[in-house]
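A.B. asks: The number in the working numbering is simply the position in the sequence shown, starting from 1, with 5 added.
Beta carbons: idealized from backbone N, C-alpha and C, even for Gly.
Note that the structure is predicted; figures quoted are calculated from it, not measured.
Below: one structure in structure tokens.
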Amino acid sequence: MEGLMQAISTVGFPIVAFLLIFWKFDKSLGLLTEAVNNNTTAVQLLLQKRIKTKINDLH
Numbered sequence: 006m007e008g009l010m011q012a013i014s015t016v017g018f019p020i021v022a023f024l025l026i027f028w029k030f031d032k033s034l035g036l037l038t039e040a041v042n043n044n045t046t047a048v049q050l051l052l053q054k055r056i057k058t059k060i061n062d063l064h
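Okay, here's the thing in structure tokens:
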């Protein structure tokens, strides 16, 4: 029984710490992905406006 308790205290903490770090990383990665997607949309809209402006300047 004592060996089991020692194994849990030795191995249990690193496993829990790893899972918490992984969860936090996954959450952060999701937010980063959302930010990149929003920036991509903004750049596409700016390019569309620029193209429309150039076309209007030609006429």
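1) Going residue by residue through the region 12-60, where are the continuous alpha helix (DSSP H) segments of at least 4 residues, counting only ones entirely within it?
2) For Thr-58 and Gln-49, I'd like the C-alpha separation in whole angstroms.
3) Where Val-16 and Ala-22 are concerned, what is the direct C-alpha to C-alpha distance, given to the nearest angstrom?
C.D. replies: Let's see:
1) none
2) In a straight line, the C-alpha of Thr-58 is about 14 Å away from that of Gln-49.
3) Taking the straight line from one Cα to the other gives about 10 Å.
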